[in-house]
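Undergrad: Numbering (the working numbering), first residue to last: 46 to 249. Can you keep this structure in mind? I'll have questions shortly.
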């Protein structure tokens, strides 16, 4: 339970570019957005297992002036509808528009939300009543895993960018618990999800 008496829930945090959609670099237009093969199906499996689906994405293209927050939100609304139609409703989408050196104006700053910092995950936990200690992170970059570790998310899974191939596990000890080609492969492995199933909730 949290301070309001609401039962905490586990979440599956998903990076966007390279995990949900093909990473073509600064994707903000619908015509450039292509779902990674199996991403929606994998997300539906996670939803059926009781995970809240939360997207956490660095979007420095906003800070670099390549597109606007309105552009991003319009694409996100469309994407969310696609998830809903696929039986995998998104509980939240969090993004960081900043960059410490390439951002323009107010967007040029070091922040607590840009991965590998854990700010987006911590904000989602606060907003959505998430038990980070029984949650999971699925990302295709080391920075995704580092953000999850900093937030106290124990199940950290490295995926191949665009599900092209299974990546090598990072050299940093215990940064990732496993690596898979894509989200569909990861969610097909009951063993990898077992630690999250058995994780003790904050409520005890």
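Each residue gets a CB set at the ideal place from its N, CA and C atoms; glycine is no exception.
Buried or exposed: which applies to residue 104, given that a residue is buried once 16 or more other Cβ atoms fall within 10 Å of its Cβ?
TA: buried
Undergrad: Considering Cα atoms alone, identify which of 81, 52, 77 and 54 is closest to residue 60.
TA: 81
Undergrad: What's the C-alpha gap between residue 74 and residue 102?
TA: 16 angstroms
Undergrad: How would you call residue 32, buried or exposed, if buried means at least 16 neighbouring beta carbons within 10 angstroms?
TA: Since the first and last residues shown for the chain are 46 and 249, residue 32 lies out of range.
Undergrad: State the start and end residues of the unbroken alpha helix (DSSP H) segment that holds residue 201.
TA: No alpha helix (DSSP H) holds residue 201; the beta strand (DSSP E) holding it covers 200 to 204.
Undergrad: Since residue 166 and residue 173 should fall inside the 8 angstroms C-beta cutoff, what is the C-beta to C-beta distance between them, to a whole number of angstroms?
TA: Going by Cβ atoms, the distance from residue 166 to residue 173 rounds to 11 angstroms, so no, they are not a contact pair.
Undergrad: List the whole-angstrom C-beta distance separating residue 234 from residue 205, where the pair is believed to meet the contact cut-off of C-beta under 8 angstroms.
TA: 14 angstroms between Cβ atoms; not a contact.
Undergrad: Can you name, in chain order, every residue of its own chain whose Cβ lies under 8 angstroms from the Cβ of residue 242, other than the five neighbours on each side?
TA: Summary for residue 242: the model assigns pLDDT 46, below 50, so the residue's position carries little reliability, and this model does not support an answer.
Undergrad: For residue 144, which of 120, 160 and 221 has the nearest alpha-carbon?
TA: Nearest option by C-alpha distance: 160.
Undergrad: Less than 8 angstroms between the C-beta atoms of residue 228 and residue 175, yes or no?
TA: no
Undergrad: Taking the continuous beta strand (DSSP E) assigned at residue 66, which residues delimit it?
TA: Residue 66 -> no beta strand (DSSP E), and no H or E assigned at all.
Undergrad: Is residue 248 helix, strand or coil by DSSP?
TA: The pLDDT assigned to residue 248 is 30, lower than 50, so where the model puts this residue is not dependable; a value taken from the coordinates is nonetheless given after this. In the structure shown, residue 248 sits in coil (DSSP, three-state: anything other than H, G, I, E or B).
Undergrad: Give the DSSP bridge partners of residue 144, in chain order.
TA: 153
Undergrad: Shortest alpha-carbon distance to residue 162 belongs to which of 150, 192, 209 and 231?
TA: 192
Undergrad: Just list the residues that DSSP pairs residue 251 with in beta bridges.
TA: Because the chain is modelled from 46 through 249, residue 251 falls outside the range shown and cannot be assessed.
Undergrad: Rounded to whole angstroms, what's the CA-CA distance from residue 147 to residue 155? Just pull it up for me.
TA: 11 angstroms
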